[in-house]
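Peer 1: Quick one: the structure is below, questions incoming.
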Amino acid sequence: MKRLFLAISLLIFLNSCDDGDLIVTSFDFEESDLDFCNGPDKSVFYALNSQDVFESFSLEISNSELDLDEDGDLIPGDPTLEPTRIPLNSNNRAVFRIYSNSVPTGTNNYFCSVVPPREPQVIEEWVSASGGTVIIRTFFADETSGADSDNDNVDNIDEGWNADLSNLPDTDSDGIPDYLDVDDDGDNVPTVTELTIESLNPDGPPNYLNPDDDGDGVPTRLEVTEDAPETPALFQTAEGIPNYLNPEQTQRFEHDEYISHNITRAYRYQVIFDDLSLTNTDGSGETIRYETYNLGSYSQGGVSYELCPEQDPDCNDEETEEEPEEIN
Ligand SMILES: [Ca+2]
Ligand SMILES: [Ca+2]
Ligand SMILES: [Ca+2]
Ligand SMILES: [Ca+2]
487 MKRLFLAISL
497 LIFLNSCDDG
507 DLIVTSFDFE
517 ESDLDFCNGP
527 DKSVFYALNS
537 QDVFESFSLE
547 ISNSELDLDE
557 DGDLIPGDPT
567 LEPTRIPLNS
577 NNRAVFRIYS
587 NSVPTGTNNY
597 FCSVVPPREP
607 QVIEEWVSAS
617 GGTVIIRTFF
627 ADETSGADSD
637 NDNVDNIDEG
647 WNADLSNLPD
657 TDSDGIPDYL
667 DVDDDGDNVP
677 TVTELTIESL
687 NPDGPPNYLN
697 PDDDGDGVPT
707 RLEVTEDAPE
717 TPALFQTAEG
727 IPNYLNPEQT
737 QRFEHDEYIS
747 HNITRAYRYQ
757 VIFDDLSLTN
767 TDGSGETIRY
777 ETYNLGSYSQ
787 GGVSYELCPE
797 QDPDCNDEET
807 EEEPEEIN
């Protein structure tokens with residue numbers, strides 16, 4: 487009875503103590519930059535503090551709750567849709583730990599290893615109770631004016647990006663706004679390449695926004711055969727001038743081939759707990775409760791992002807891989 491009373495009074499005390507000065511830990515991990523790892527059956531978002539004390543705050547989630555690729559990396563959901571809500575239970579849990587020594591990071595990740603390493607020793611541990619929820623919200627991390635979402639060397643702000651994503655310019659009317667379009671004028675010569683080519687008509691639009699770069703009436707896209715849309719410079723005169731930059735050359739090849747418009751993008755995952763109760767695993771029953779706890783964000787770059795020009799009839803068709811022949 488005495489013990490129960492102590493636990494209850496501690497609970498009241500902890501709840502009324504906002505600054506956390508008088509308790510063992512302040513659980514001061516809010517708005518951390520998080521790391522992520524994937525193990526055989528669980529994935530873990532975590533933050534480490536090794537400054538005055540060795541401590542960590544982690545969120546372990548059963549792999550079945552997450553969208554993961556074959557490398558164990560997160561597959562981001564659509565940022566415009568509702569966030570993922572995962573119930574806290576014995577498989578999905580928040581864990582706060584204090585250690586005897588620093589926690590190793592790197593390939594043998596402490597948090598995702600199958601057998602918990604003997605070192606460093608855990609000297610204090612708090613684990614979440616069932617009942618709460620963790621909310622994982624996905625954002626694009628490249629939706630800023632200074633970012634270059636399509637990596638074509640023209641910053642978003644210079645491709646008409648705005649925070650509301652309203653009235654986004656689409657120079658070639660292929661359904662892909664300029665800030666996500668690697669070929670802004672749809673002429674099969676990537677913007678990043680056209681930026682390096684001097685315009686034949688200095689008073690006209692820059693090459694990367696001009697679908698007929700030499701102004702000969704034949705679209706650049708059709709001055710190249712469908713066999714080599716990626717290498718327009720192959721089609722050239724003996725003097726080495728590509729046809730698409732030569733108004734004297736007006737040979738026209740009809741086709742509907744388009745270069746790949748796929749890009750890679752950067753994402754951010756925000757991890758917020760709703761109704762988080764952490765209980766000390768030392769048996770004391772000490773509990774601390776947060777109505778909400780914003781653990782922080784995990785950033786992920788280089789995520790493939792498929793885009794298709796509306797005019798392209800066979801964009802991103804899965805190429806049928808041939809079975810390797812059996813060798814006896
Ligand atoms: Ca476009
Ligand atoms: Ca672009
Ligand atoms: Ca182009
Ligand atoms: Ca032309």
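In the numbering used here, each number is its position in the sequence shown, counted from 1, plus 486.
Don't be surprised by glycine CBs; every beta carbon is placed ideally from N, CA and C.
Note that the structure is a prediction, hence the values are computed from the model and not measured.
(1) Give me the DSSP bridge partner(s) of A533.
(2) Which term fits G506, buried or exposed, when burial requires 16 or more other beta carbons within 10 angstroms of its beta carbon?
(3) Buried or exposed, going by whether 16 or more other CB atoms sit within 10 Å of the CB of N802?
(4) By the three-class DSSP mapping on this structure, what secondary structure does Q797 have?
(5) Write down every uninterrupted run of the beta strand (DSSP E) in the stretch 642–674 whose length is 3 residues or greater and which is fully enclosed by it, in chain order.
(6) For N780, list the residues DSSP reports as bridge partners.
(7) Do V678 and D638 have their CB atoms nearer than 7 Å?
(8) Between the beta-carbon of A730 and the beta-carbon of T706, is there less than 7 Å?
(9) In chain order, what residues of the same chain lie with their CB nearer than 6 Å to the CB of S550, ignoring the 5 residues before and after it?
(10) Could you tell me the alpha carbon to alpha carbon distance between S785 and P663, rounded to whole angstroms?
(11) Should D658 be listed as close to ligand 1, given that the test is whether its C-beta is under 6 Å from any heavy atom?
(12) Express the C-alpha separation of G769 and R489 in angstroms, rounding to a whole number.
(13) From which residue to which residue does the beta strand (DSSP E) around T570 run?
(14) Classify S536 as buried or exposed, calling it buried when 16 or more other Cβ atoms lie within 10 Å of its own Cβ.
Peer 2: Well, looking at it:
(1) When DSSP reads this structure, A533 sits in a beta bridge with F543.
(2) At G506 the pLDDT is 39, less than 50, meaning the model places this residue with poor confidence; the figure from the coordinates comes in the next sentence. Flag for G506 reads exposed.
(3) exposed
(4) coil
(5) none
(6) I758
(7) In this structure, D638 lies closer than 7 Å to V678 by Cβ.
(8) In the sequence on display, residue 730 carries Tyr and not Ala. Their beta carbons are under 7 Å apart, which means Y730 touches T706 by this criterion.
(9) Shown here for S550: not one same chain residue has a beta carbon closer than 6 Å to its own, the five before and five after excluded.
(10) 24 Å
(11) yes
(12) Bear in mind that the predicted position of R489 carries a pLDDT of just 48, short of 50, making it unreliable; the figure below should be weighed with that in mind. When rounded, the distance between both Cα atoms is 11 Å.
(13) In the DSSP assignment, T570 falls within the beta strand (DSSP E) that extends over T570 to P573.
(14) exposed
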